[in-house]
Structure formats: structure tokens, C-alpha cells
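Residue 1197 is where the sequence shown starts when you use our numbering, and the numbers rise one by one after that. So the structure is just underneath, and the comments pick up after that.
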Amino acid sequence: MPGILDIVSKLTGFSASSFRSELSTFPKEQILVIALVRSAEPIAFTSLFPYVYFMVRDFQIAATDADIAKYAGYLSSIFAFSQFLTCYQWGKFADKYGRKPTIVIGLSGSIMSLLILGFSENYYWAFFARCLNGMLNGNVAVIRTLIGENVGTSKKEHQALAFATMPLIWQAGSVIGPMIGGFLSGNGTIDTTVRLSGLKEKFPYALPNIVLSGLLGFSLLVAVFFLEETHHQHKFRRDYFIEVSDWIKVNGLGFSKRERPWYTFQPKDIHIFRESSEQSAFLASHEESIHRHKSSSVEETSTEEQSSWKVLSQGHIFFGVVCNFLMSLHLTINDEFFPVYLAYDIVRDPKTGLLVSHFPFNIQGGLSYNSEDTGQLLSLTGIFGIFVLLVVFPYVNHHYNTLTIYKSMIIIFPICYTLTPYLTLLANHKSISMVAAYCLTSFKTLAVSISTPQIIILVHNTSPPKQRGMINGAIISISALARTTGPLIWGYVFAFSENHAVGWVSWWGLTAVSLLAIYVSKYLKDDSIEIQEDIQLMGQLEDVDRID
């Protein structure tokens, strides 16, 4: 019977021996810790989708059912707007004080905001909870930086495998989150005048958020005791929690003791490390040296002297940021409003009982899904996403370069958005409509799962190493701007489209945005090949120096 590595080698194109060799030098332990730290947040984020329509409805703030999309959009927009205001600052905070403290603060803020959301008795408390969640959470940018600093840029396979953990975790969260939100939330109307005894009757949306807070609490403990600092200065700062976990692993689990950098690297050595250009060149990684060389050849000033916004305005970084903005815009709108669209009532002619929607331009209503239907659909799609990342992604990444993969995958988005409003025409056949909806969401998941790691890698490879925290923070902030304006504007677009029986307008608007993203992608550049060549050249030069 073939082993697991043999099966993987057939799927990916690697030989079993080369796969073992690559895996032996891969930072498995820390990537696993980062995955555990990151895992609870997509679960918490996606858990809202199945019940947001019913939560807004129960708050009785929307005048009509068509306006529910508008208020659901506000909840999404305030979260993203708060991230837009603070995520760049969290990136700078991480560059100044370290990655680990930023992660711990972000997880703590998420726990607090989830509990407030779950026990909200009106729309304004829910609005405040989402605002607080966005303000206190800059973890996405920092986790990108953590992954990049753990694997460097020296090996394409390591980069792809490491950065693929982010969409993989997202897809796993997309399975668990909707299940928790759809099955643990209540669908009854909130009654604030009568003191009901049951938690689920008085606070229908508290239970899923309590469960999610527990998961985030576990992630917080993992971060505190097992996450290692990767900041080029602060990794030499003594971490007592890491020492506790090391003691447990050595004395309780039989692991060998690891030599931590603060045991052998004293503060005076750090000062020398920072001041001495010769030692800095010797101790710095190959990829950092390459970026310093590249930036000095482009500009007279060093990377450290460049202003933050000047770095962001550099060609390939700028277009990478624009692609992130456009991708965040249409994906967020889809993620927020597709469940709302599914929950819209099926609109029929009161006299004949037939659907009022007709192909191609008279489209009104949705599919009358409840929270459990939506949760099941999103969970099944998440399972498919995990399959894509474990099986399809390694094969594609091994046989094609990063930029080609990205450009190929994003073509799927406009096709899916163009077809989405016509699910309404299948409303009379729930099983068929669910299969069609699953196919559309699966194709979108395929595109997201494979294209997301590629754009992260493209930006990472073109970013100066010492400013990656800032750049990732800026990208998340700019993407948060997209997630702010998108739901805010599309909430009105969806309401208008529904009220005027032109449901295709809102979805074809997303088609236009995704087509613009395809156009911008032609200005991207893949620096990974050039970096590999530079690393080989530097290795040859070092060999010559040793001979001399």
C-alpha cells in the first residue's frame, strides 16, 4: 500500500524523497502554532453570515425586508472601517514592539467584542461590538508578516506552502463557523420587555458567540505560550512564557531543549548587531541583503530612510496593493450579501402563484433559505475549499509560476458573479437551486483558495524586509477601506435592485469590479525567479570569498 508521501508526490509532482527533504527544513512547529492562533478568527467571522439577516430583522430597525441588506451592510462596513483606521497603526506597532504582543492584544479584543455582540439587545450595541472588533484587531497583517519571516524568500515551495495555510485556515473556518452560527443561533424575535428565563430565548445570538469566545481563548493561550517572536530585534528579548512551554516540553513530553536567542545574545550584542554594517551583512538573511541591494540600485537612499508611503507607491508594490483592494472589495460584498440574497423571500405573483422573475432582466427575491440552510451550504463549500488547498493547490503551484496562477484564477470571479442572480429562477426547485448555488460558491472558493496565497507572495517578495510589517498593515488597512465602502454602497444597491426588480444590477456590478482587477493584474511582476537567481549568485560569491 503506498504511503502518504507517495500519494502526495503523485498529486504534486514532487518525488517522495524531495518532498521529505523540503519538509525537513520547513518551520513546521511555528507554522502550526500560527495556524492555531489564526484558526479561531475566520470561524468567528464566518459564523455571522448565516444569521445576520435574521439578527437585523429581529432588531426591528429595517422598515422593510428589502432594507435588511442595507443594515447588514452597515455592520460589515463599520468593522472594516475600524480596521482601515487602525490596521496600519497595528502594523507599525508590530514593527516597533514586536509581532507577539500585537497578536495577543488582537485576540483579547476579539473575545471582548464577540461577547458584546452575542448579548446585544439592539442594533446599536451590535454596531458598537463590530466597531470594537475592527479597532482592536490587526492580526491579519501581523500573521502575514510572521509567516513571511518564518520561511523567508529563499525557497518558493516553502513560501507557497506557508502562505497557503492562511486560505486553508479560512476554508476550515468556513466549515465550522457557519455550522456554529447556523445551528446554535435562535430564530425567535428578541423580547426586551419580558424577562425570559432561557438564554436562547432572550439572547438568540449569544450561544454561538460564547462558543467562539472559548475558541479564541484557546488561540490566545497558544499564542502566549508557544508563539515565537520573529522581529529582527525583539526576538532577542527574553520570553518567560516560551521558557515555561519549553520546560513543559522537555520535562513532560521528552523534547530536547532548544537554545533560545536571548540565552546567548546580550543587549550589548544587539547594539553591535544594529550598528556594525559588517556584522549586519554577515548575520542578515540572503533575502534581506538582496532587497537592500535592489533598493539601493533604484534609489540613492536606503530602505530605512524611505518614507512609508513612498515605499507603497513603488510600482510593483502599488499594483499589488490595488489588486488586494479590488479583490477585497468584490469578495467582501459577495461574502456579506450572498447569504442575505439567499434569505430573501421567494417573490411570486399573488394571483397565479408563479415566480415574478423572468430571464434576463426581471429578477426579484431570493431563495427563502433559513440560517441552517445557509450554514450548511457555506460549510459544504468550505470542505471543498480544504480539498482544493490540500490537493489542487500543491499541484498547480509546483507546475506554474506565481503570477500565471494568480491571473488564471481571477478569471473565474466575473463568470460566477454574472450567473449568481439567475439562481432566483430556480426557486421552485430547492434541491436544484442548492446544487447550482453550491457549484457557484465552489468555483468562487477554488479561485479564492488558489489566488489569495499568490497575491500575498507577490507582494511579500517585492517588499523591503524591514518594512514588511508596515506594508502588510497598510495593505490590510487599504483592503479594509474596500470592505468599508463595498458593503456600505452595495447595501443601497441591493435594496434598490430588490425594490425595482433588477436583482442582476448588484451582481453585475461585482462583475465589473472583478474585470477591473483582471486588467490591473497585467502590471504585476513576479520577483521570485529574480530572487532565486540573486541567491544563487550570492552563494557563488561567498564560495569565491572562502577560496580567497
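For glycine and all other residues, C-beta sits at the position ideal for the given N, C-alpha and C.
- Counting along the chain, Gly1330 sits inside the alpha helix (DSSP H) bounded by residues 1319-1331.
- In the DSSP annotation of this structure, the continuous segment of the alpha helix (DSSP H) that includes Pro1610 starts and ends at 1608-1615.
- As the crow flies, the alpha-carbon of Leu1619 is around 13 Å from that of Asp1541.
- For Val1338, the enclosing alpha helix (DSSP H) starts and ends at 1335-1347.
- Per DSSP, the beta-bridge partners of Asn1558 are His1554.
- Listed in chain order, the non-local C-beta contacts of Ala1678 below 6 Å within the same chain comprise Phe1521, Ser1524, Leu1525, local neighbours out to five positions each way being set aside.
- The Cβ atoms of Leu1244 and Gly1377 lie closer than 9 Å to each other.
- Looking at the DSSP output, Val1698 bridges to Ile1559.
- For Asp1254, the uninterrupted alpha helix (DSSP H) segment begins and ends at 1248-1255.
- Within the same chain, and ignoring the five residues on either side of Thr1577 in sequence, the residues whose Cβ sits closer than 7 Å to its Cβ are Ser1370, Tyr1634, Thr1637, Ser1638, Thr1641.
- Out of Ser1304, Gln1367, Phe1275, the CA that lies nearest to the CA of Thr1648 is found in Gln1367.
- In this structure, Gly1344 keeps its C-beta atom at 9 Å or more from the C-beta atom of Thr1298.
- Counting only residues of its own chain and dropping the five nearest sequence neighbours on each side, Pro1617 has a CB closer than 7 Å to the CB of Ile1559, Gly1699, Trp1700, Trp1703.
- Counting only residues of its own chain and dropping the five nearest sequence neighbours on each side, Tyr1537 has a CB closer than 7 Å to the CB of Gly1562.
- For the set Ser1553, Val1420, Ala1539, Leu1310, the Cα lying nearest the Cα of Arg1253 is the one of Ala1539.
- Of the candidates Gly1269, Ile1365, Phe1692, Tyr1401, Tyr1401 places its Cα closest to the Cα of Asn1318.
- Where His1594 is concerned, the enclosing alpha helix (DSSP H) starts and stops at 1589-1595.
- Counting the other Cβ atoms within 10 Å of the Cβ of Thr1242 gives 16 or more, which makes it buried.
- Residues Val1418, Phe1422, Leu1423 of the same chain have their beta carbon placed closer than 7 Å to that of Val1229, with the five preceding and five following residues left out of the count.
- Minimum Cα-Cα distance from Leu1313 among the listed residues Val1248, Tyr1436, Phe1289 corresponds to Val1248.
- Here the stretch 1300-1313 makes no contact with the stretch 1255-1264; the two share fewer than three CB pairs at distances below 8 Å.
- With a cut-off of 8 Å on Cβ pairs, the stretch 1508-1519 is not in contact with the stretch 1577-1594, counting fewer than three such pairs.
- In the structure shown, Arg1234 adopts helical secondary structure according to DSSP, grouped into three states.
- Taken through DSSP and simplified to helix, strand or coil, Arg1544 comes out as strand.
- Here Gly1549 is exposed. Its C-beta has fewer than 16 other C-beta atoms within 10 Å.
- Here the stretch 1267-1281 makes no contact with the stretch 1595-1604; the two share fewer than three CB pairs at distances below 8 Å.
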